[in-house]
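Adding 47 to a residue's 1-based position in the sequence shown gives its number in the numbering used here.
Backbone N, C-alpha and C fix where the C-beta goes; we use that ideal spot for every residue, glycine too.
All figures in this text were calculated on a predicted structure; none of them were measured in a lab.
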Amino acid sequence: MTGFAPPTPVPDGVPPLIGAWSLRHGLPLPPPAPDPQDLANSLFADPPALTAPGPICAVAGDAIRPCPWAAPPQAALMPDAALPDPRDGCILAVIDDAIPFAHQRLRLPDGLSRLAALWVQDAAWSAPPDLPCGAQLDGVAASAWLARLEAGALACESQIYRQAGLVRMDRPNSQGAGLAGG
Numbered sequence: 048m049t050g051f052a053p054p055t056p057v058p059d060g061v062p063p064l065i066g067a068w069s070l071r072h073g074l075p076l077p078p079p080a081p082d083p084q085d086l087a088n089s090l091f092a093d094p095p096a097l098t099a100p101g102p103i104c105a106v107a108g109d110a111i112r113p114c115p116w117a118a119p120p121q122a123a124l125m126p127d128a129a130l131p132d133p134r135d136g137c138i139l140a141v142i143d144d145a146i147p148f149a150h151q152r153l154r155l156p157d158g159l160s161r162l163a164a165l166w167v168q169d170a171a172w173s174a175p176p177d178l179p180c181g182a183q184l185d186g187v188a189a190s191a192w193l194a195r196l197e198a199g200a201l202a203c204e205s206q207i208y209r210q211a212g213l214v215r216m217d218r219p220n221s222q223g224a225g226l227a228g229g
């Protein structure tokens, strides 16, 4: 097999996928994950090292910028003003074939998106090249679409999804009404 290079090993405790992605994009490696026992001890410390805003969610005190190393500007996925307040919690990941990112529940009051990034797996493929399928949209781009909606340049949420290329009308099994309506 030509062109194959074995993956660069990452230090113990660093998730392999995150480590490989960081190395591939020239970003610093994240610190190793904490030992599970140390993490459990910090949860039950007095006072607790972590805060729990909801019954099933634990958010670290530095959740506004959970990354302990400085992120280069080109790695920004969303504007600083859109970063979540750790007291309110945040969605870390949603894995689905679609997410209504323009829905009012996923918007901040000033029209910014609450999402840092999304990967719509069943959309028409678009860059970046390391994306195996679908399309990726970062929070800056999502906020730009929302700004157009707020300004009245777009009539409704569904127009955002269509114009952003996140709804494929040419796929088999797509809704007949979309095809019939042109």
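A211 counts as buried, since at least 16 other C-beta atoms from the protein chains shown sit within 10 angstroms of its C-beta. Counting of Cβ neighbours within 10 angstroms places W172 among the exposed residues, the total staying below 16. For L70, the enclosing alpha helix (DSSP H) stretches over residues 63-71. By a beta-carbon distance limit of 8 Å, A170 contacts L213. Their separation comes to about 5 Å. In the three-state reduction of the DSSP assignment, V167 falls in the strand class. P58 and H72 have their alpha carbons spaced roughly 17 Å apart. By the beta-carbon neighbour count (other beta carbons within 10 angstroms, threshold 16), L193 is buried. Residue burial is scored here from C-beta neighbours: L162 has at least 16 other C-beta atoms within 10 angstroms and is therefore classed as buried.
Taking all protein chains shown into account, A198 has fewer than 16 neighbouring C-beta atoms within 10 Å of its C-beta and is therefore exposed.
Boundaries cannot be given for Q151, as no beta strand (DSSP E) includes it and DSSP labels it neither H nor E. Between A191 and V61, the alpha-carbon positions lie close to 34 Å from each other. For C203, the closest of D157, F148, S69 by C-alpha to C-alpha distance is F148.
Taken atom to atom, the span from the alpha-carbon of L165 to that of D85 is near 32 Å.
By DSSP's assignment, S160 forms a beta bridge with R154.
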